[in-house]
Each structure stands twice: as C-alpha cells, then as structure tokens.
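Residue numbers (our numbering), protein chains in the order written: chain A, 1 to 355; chain B, 1001 to 1324. Ideal placement from N, C-alpha and C gives every residue a C-beta, glycine not left out. In what follows, a single structure is set out as structure tokens and then discussed.
If you want it as structure tokens, here you go:
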C-alpha cells in the first residue's frame, strides 16, 4: 500500500501548495499575542482526514497559522485512519526538520511513543482533542483536550428535560475504544440515572464515524429495539443517511442529541413535520479546538504569549425545543458538509470542503 | 463437470442456512425484515465487487485497484453533479469512462507487458486515488436525490440494489457459462497454455477480465454513492478484503479457472449477514470481531472438511498398500 499512500500524500501536498500560494496574497492583519518573534515551521498531523469535519478543522488550523508571520512554513499530513501511517507521518515530519507539530492522535496511546520520541528530540509537539496518555513535559509539550465529558453532561441535561421520566437511549460514537466516546459516556452517566437505559453495546456502538457503517449499525439497532426514545451521537451529520430507516420501518425518528452540521439542520427542517418525536439538540461540533492547539504550538515555538485556556469546551448550539441558544439552523444555499458553529465563516468552509 | 459446481454451491448455501438458523436463535432481530432491507444494499455492493474480483481471479490474477476504483466511482457520481439531478447521467458516463481507462491500463500491464498482477494493480490503485483526490480533495459530497432514489430506493418491497445484483449476476453467469466468449474465457483461466495451443487469443481475454472487473466496481461505487447519503472519499477501502473473501467462499480457486458467480453472490450475503449478526447480538465490539472471524473460519472450514475426507481416504489406501 506504500504506493497508494505516496500518491495520496503527493495529491494532498500539491493541493496544500496550491492553497498556500493562493492565500499568500491575503493582507496580514495585526499579529496576535501568541505569535512570538522567533521564526519556526509548523506541521498539522491528522490521524484521519477523510471527512468534511476534518477538512473544516484543517482549514481552521491553517487560517490560525496564517495569522502568525513568524511561521515560515506550514505542512499537513493525513494518516488516513491508518495507525502505522500516522506514526510514520509524525516521525518523518520531525525528521524533515519541522520545529513544531500539532497532532490529532486518533489512534490514542498507540501514537504516544512516536510523539514522545519527537518531544525528546527537542521539538514542540502538541497533541489535541484525543487523549494519547503520557504527561506534559515528559511525553509532549502540551496537551489541548476538549471536554467531551462536558458535552455528555450537556446532552444528558437536555435528555432529562425532554424525557423527564426516563427512556431508552442509543449512544453511537466513532472507532472502538476512542476516548472521546468514553468521556461523553461518563458525562451522560453523571446526569442520567438508572431510569435511562442504554440499549447499545457497551460502552457505545462503534461506527468509525463512517456513514455507511453508521447506517448498518442503526439498521440493526432499530430492528433489535422496539423503542428507542433518544439517540446520542457525537457526529450528527453521519446520521443523516441512516435516520430515514425509522421512517421506512413505520416509526417516527426519535429525539436526537448530537453535534451540529448544516446537512443535519436542513434534514431536521425537512422532516420534523412528519416525525412528531424528532426533537433536535446540538453542541458546537468543535472545529475550533484546533485553533487553541495551534496557538499553543505557535506560542511555544516562536516565544509568544501562552493562551489562557488549555481545554476546549464546546458550547450548546441548537435546540429545537427551546430555540436557545439557537433554533435549528439550515443554509440550503451552502453545502451540507459545513458547520454553522465553526468560527470559520460558512462561505470559507464551503471553499474548504471544495464545493 | 456438474459435481464441483454443486459442491461449491451446496457448501455456500449450507453455510448461509446454518448462519440464518444461528441468527434466528441468538439474534432474531438480525433476520427481521427491517434489518434485512436495511442491510441488503450493503450485501449488494459486496456481491458486485465480488463478481468483478471473481473474473480477475479466474484468470489467475488479483485486482488490488478495487479500493481506488470504487472510491473514484463514488466521488465522481457525487462531486460531479453536486446535488444536481440533471448532471447525474454525465457523472455516470464519466465514471464509466474512468473505469474503462483503469481496466485497460490494468489489463495491458498484466496481459501484454506481463507485469505481476498484484504490483500492476497496486500502481493503478495509486493513480485512481490520485484521481479521487483531484475530484474530491478527500472530502465527501452529498449525493443527488435522483441517485439516492435509484440506488437506495425500494421497488416491490425489495431494495433496488438487489435488482442490480440480480441483473449483474445474470449477465455475468450467462456470458460466462452460455456464450462462446465466456467458455473461452474460463478455458483460458484454467490453462492459458492449452488455450494458446488451441489458437485462442489468451492475452486479449486476460486483459478483458480487468476491464469487466472495473465496470463492476464502477457499478458498485455508484450504488454506494446512492445508498449512503454522504459517502466518504475512501468508501472502497473496506471492500477489498470482502471481495476476495466472497470469491474464495464461493468456491473459486485463487489459481484461476472455473468461476462460480452465483455462489459468490450468496457468499456476499453470508458475509454481510455475518456482520449484521455480530452487530445484533449486542456484545462489545471486540467480541463482534471475534464472532465474525470464527464464522468466516467456519465458512472456509466447510471446504477443508471435504478435503480432509479425501486425504484420509488416500492415506487409508496407502496403509492398505503398506500392509500388503
């Protein structure tokens, strides 16, 4: 598979080069405080880059890097969901002489040895979002977590408000054992008592955040469970293709607590009338987590001022019941694969996802 | 001639029936109509790529360009129309054109330049992924409504994708078993030297195997694009292993020769039902993986059982001879 990875890498780096040329013309605004005077290079390493969420996240990361003129070179690599490739990406970026690395360690602790060896060689390395184990100052420079437990608790509170008497909960997350799903579950359980029954396989149903697998999993769960009162999913848009399965089996789509996405918002608008139980609640999907991680990496590499926060907390975003903080949003004129909660303007996101 | 066909067919049907009984006993919901109609489309895509791989395997080859080919068909049929139904037919034609180019490239490299099939098709796969990135930038696009209706809809209570499989199986079986071209194709697969001695155009047939295979991958890719609302740009990756597995389960020898399209399609149903079963038992993911591996082992083991009986018989004869 080396050939194929090489070709994918080549395609990505060509794309990145073209984008970099295009953006070089942008006028530089005033330099933010986290951007120090020391010149440095930075690489963003993704464990899996093959969905629009990652594309918007990558664009957000890149936009953040561009705010700092001290960063002379920016590189990106996509591990394509392959742990081996993610590890070799990390090592080869360091070997190429990149000064600071921001790592989305999808594979979790499996990438820690690579991260540690890069840190020990004197580079700045900032893993973010997915816990990789290890310790700050021993294995890496700084870990910028996202409080998924907070997300879980936020969903839990909403579920309590729409189903005060309890009910059957179906919880879907990404790859097996991913720390995001486990933390969300902790948050959910901290709020929901035993009257809320989790009908999924423990700790969560594995979907790899892949729409095709999500569809298969949901099909099996709907057939198995006569009554599902609420679905909790940490990647809402991947559910859009699967939700019509309820309608096909003559049931109403149940309440849904998840993260936001334009296609999901539009799907809710199109289907809420014919599905009386379809209530929707979202937390911000957290594309902006990468900004904080990049700011930290740049601050450490260029001698800038360190940001105040070290944990990204996603705020509640849409609620179809109360309309607060937002009613469900839908921009039909823009691609479904963008996220209204992101700091990156919707039009720029549309460009990032190539449509 | 009819005995080996019956054996492969009986074996795969038997395995599937055993699986269905196990499903009924331990996870009845996995054989409920709702679950079946939801999962059959995925079985359909495995079946179609399996048929493509079958044709290549029959010529003693291996097609590792399948992931790139399926993914390219997926992104071309979603990105090109950009949710505009009117552009769908163009996208489909474009996808077919790509499939033909990739098929001829594979075929020429393997049959005329005598490159190792595995190496040649890996190279083609890389090229195809290049095209996937050029088309999509690695991002999914939402599928057009028309395609979602054609590939993901239902007719007379059955998912449309099932009709596509039935059609593809009928065409492949008919061409393979009932036409002169098909008989020559199989004969060459069984013994290319004998084929050449008989004056058949061996290289042409070997090349065309890759072309037919690409057309089937293309069909599978377009179906996936319709079945999944927002397919990723790497949707083909998870199909390579199943494509080979169903060919083997279907009873076709990896060394080439006779092919069993119908058994291959049933094997695809078996494999898909297996994963639905694992999902439905409601055990943790690790246990699901183990169940799948064990059942696959069982499916293949059913063949080995036959063989070991033969071996024992042979060994028995030898013993008798030794005693003499």
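The C-beta distance from residue 319 of chain A to residue 158 of chain A rounds to 7 Å, short enough to fall under 8 Å. Using a Cβ-Cβ cut-off of 9 Å, residue 353 of chain A is close to 1137, 1139, 1140, 1141 of chain B, given in chain order. Assignment of alpha helix (DSSP H) within the region 1042-1105 of chain B, counting only whole runs of 4 or more residues, yields 1066-1079 in chain order.
Beta-bridge partners assigned by DSSP to residue 1114 of chain B: none are found. Not a single C-beta of chain A is nearer than 8 Å to the C-beta of residue 1026 of chain B. For residue 229 of chain A, no Cβ of chain B is located within less than 8 Å of the residue's own Cβ.
Taking 7 Å as the Cβ-Cβ cut-off, the region 336-353 of chain A approaches chain B at 336, 337, 353, given in chain order. Proximity of the region 309-325 of chain A to the region 282-289 of chain A meets the contact definition, three or more beta-carbon pairs being nearer than 8 Å. Residue 1183 of chain B sits exposed, since fewer than 16 C-beta atoms from the chains shown fall within 10 Å of its C-beta. Classified as buried, residue 234 of chain A has 16 or more neighbouring CB atoms from the shown chains inside 10 Å of its CB. For residue 38 of chain A, the closest of A:349, A:303, A:333, A:331 by C-alpha to C-alpha distance is A:303. Annotated three-state conformation of residue 83 of chain A is helix, per DSSP. Identification of chain A residues near residue 1284 of chain B by a Cβ-Cβ cut-off of 7 Å yields 201, 202, ordered along the chain.
According to the DSSP assignment, residue 282 of chain A belongs to the beta strand (DSSP E) that extends over 280-283. In the structure shown, residue 1179 of chain B adopts coil according to DSSP, grouped into three states.
Within chain A, 212 have C-beta atoms less than 9 Å from the C-beta of residue 1224 of chain B, given in sequence order.
Under the Cβ distance rule, residue 1276 of chain B counts among the residues neighbouring chain A, one pair being separated by less than 8 Å.
In this structure, residue 1073 of chain B lies away from residue 1210 of chain B, with their beta-carbon atoms at least 8 Å apart.
Close to residue 1252 of chain B, with beta-carbon spacing below 8 Å, lies no residue of chain A; the smallest spacing is near 24 Å. Between residue 1106 of chain B and residue 1188 of chain B, the alpha-carbon positions lie close to 18 Å from each other.
Only those residues of the region 253-270 of chain A whose C-beta falls short of 8 Å from the nearest C-beta of chain B are listed: 263. With fewer than 16 other Cβ atoms from the protein chains shown falling within 10 Å of its own Cβ, residue 69 of chain A counts as exposed. DSSP places residue 101 of chain A inside the beta strand (DSSP E), whose first and last residues are 100-104. Contact of residue 302 of chain A with chain B by beta-carbon distance below 8 Å is absent, the smallest such distance being about 29 Å. The beta carbons of residue 73 of chain A and residue 41 of chain A sit about 4 Å from each other, so the pair counts as a contact at 8 Å. Against residue 1231 of chain B, the close residues of chain A are 211, 212, in the order they occur along the chain (beta-carbon pairs closer than 8 Å). Contact between the region 1219-1228 of chain B and the region 1158-1170 of chain B is present: three or more C-beta pairs spanning the two stretches fall below 8 Å. The residue from A:353, A:249, A:279 with its alpha-carbon nearest to that of residue 255 of chain A is A:279.
Among the residues of the region 1016-1041 of chain B, those with a Cβ less than 8 Å away from any Cβ of chain A are 1027, 1029, 1030, 1032, 1034, 1035, 1037, 1038, 1039, in the order of the chain. Rounded to whole angstroms, the separation of the alpha carbons of residue 1275 of chain B and residue 1152 of chain B is 20 Å.
Remark: C-beta atoms of residue 163 of chain A and residue 230 of chain A approach each other more closely than 8 Å. Taking C-alpha positions only, residue 142 of chain A is separated from residue 226 of chain A by approximately 46 Å.
Every unbroken stretch of the alpha helix (DSSP H) spanning 4 or more residues and falling wholly within the region 1206-1275 of chain B is given here in chain order: 1240-1249. For residue 1078 of chain B, no CB of chain A lies under 8 Å from its own CB, so it is not counted at the interface with that chain. Annotated three-state conformation of residue 339 of chain A is coil, per DSSP. Taking C-alpha positions only, residue 1021 of chain B is separated from residue 273 of chain A by approximately 41 Å.
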